[in-house]
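Q: If you count by the UniProt record's numbering, then the sequence shown holds residues 1 to 151, one letter each, in order. The beta-carbon is built from N, C-alpha and C at its ideal position, and this holds for glycine as well. Take a look at the following structure, please.
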Amino acid sequence: MADNTQDPVFQIQRVYLKDLSLEQPNSPAILLDSEQPTVDIQLGVDAQPVADGIYEVSVSATVQTKIKDKTVFLVEAKQAGIFELRNLPQDQMGPILGIACPQIVYPYLRGNVADVIQRGGFPPVHLAEINFQAMYEQQQAAAQATPAVTQ
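Here it is as structure tokens:
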């Protein structure tokens with residue numbers, strides 16, 4: 001029987017909602033305003049080692065709607081996954097943690113954000129599909145263009 005201890009491993013251990021908040025600081029008065037709000041959406045990806053061969057990858061979203069300078073609602077959400085990655089070439093680790101894992105976690109984040117906004121009494125805001133490969137490549141290019149700061 002062959003020894004498979006060196007076979008590559010890429011497994012999802014768990015996907016979970018790590019953080020979620022909804023704020024409506026100017027309700028109920030702002031709800032009576034008929035003006036269309038502006039929507040600002042910010043996304044982020046983070047990957048951290050948890051144990052040997054185990055990583056937590058999180059995708060965060062901040063959705064803020066405003067009418068003039070007043071916030072209608074603010075949603076901050078972080079969806080995470082725990083992934084087991086073993087015996088993979090080092091040059092593949094960055095793309096796996098920055099592209100493949102976020103692609104798995106992101107649909108859960110989209111659903112949770114739309115749900116909490118709708119439960120807050122608003123029409124759901126559906127986050128657009130994200131090209132995590134393009135996002136990863138932009139981050140890599142920006143990191144290479146920015147010299148490291150030493151202290």
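Looking at the unbroken alpha helix (DSSP H) that takes in Phe132, where does it start and where does it end?
A: To locate residue 132, count along the sequence shown from 1; it is residue 132. Phe132 -> alpha helix (DSSP H) spans Phe132 to Ala145.
Q: Label Val50 either buried or exposed according to how many other C-beta atoms from any shown protein chain fall within 10 Å of its C-beta, with 16 as the threshold for buried.
A: Taking the sequence shown and counting its residues from 1, one reaches residue 50 at position 50. Val50 is exposed by the Cβ-count criterion.
Q: Please classify Lys70: is it buried, with 16 or more other beta-carbons within 10 angstroms of its beta-carbon, or exposed?
A: To locate residue 70, count along the sequence shown from 1; it is residue 70. Per the 10 Å Cβ criterion, exposed.
Q: Helix, strand or coil: which one does DSSP assign to Met1?
A: Here residue 1 refers to the residue found at position 1 of the sequence shown. Model confidence at Met1 stands at a pLDDT of 49, short of 50, so the residue's coordinates are unreliable; what they give is reported in the following sentence. Note: Met1 maps to coil in three-state DSSP.
Q: With DSSP as the reference, label Gln6 as helix, strand or coil.
A: Along the sequence shown, one-based indexing puts residue 6 at 6. The answer is coil: DSSP assigns Gln6 none of H, G, I, E or B.
Q: Give the list of continuous beta strand (DSSP E) stretches no shorter than 3 residues that lie fully inside the segment 55–107.
A: Qualifying beta strand (DSSP E) stretches, in chain order: 70–86.
Q: Would you decide whether Ala141 is buried or exposed? Buried here means 16 or more other CB atoms lie within 10 Å of its CB.
A: Counting from 1 along the sequence shown, the entry for residue 141 is found at position 141. When all chains shown are included, Ala141 counts as exposed.
Q: Can you tell me where the beta strand (DSSP E) holding Gly53 begins and where it ends?
A: Along the sequence shown, read from residue 1 onward, the residue named residue 53 stands at position 53. Gly53 -> no beta strand (DSSP E), and no H or E assigned at all.
Q: What number of angstroms, rounded off, separates the C-alpha of Pro8 from the C-alpha of Met93?
A: Reading the sequence shown from its first residue, position 8 is the one you call residue 8. Reading the sequence shown from its first residue, position 93 is the one you call residue 93. Using only the alpha carbons, I get a separation of about 12 Å.
Q: To the nearest angstrom, how far is the alpha carbon of Pro102 from that of Asp52?
A: Numbered from its first residue, the sequence shown carries residue 102 at position 102. Numbered from its first residue, the sequence shown carries residue 52 at position 52. Taking the straight line joining both Cα atoms gives about 20 Å.
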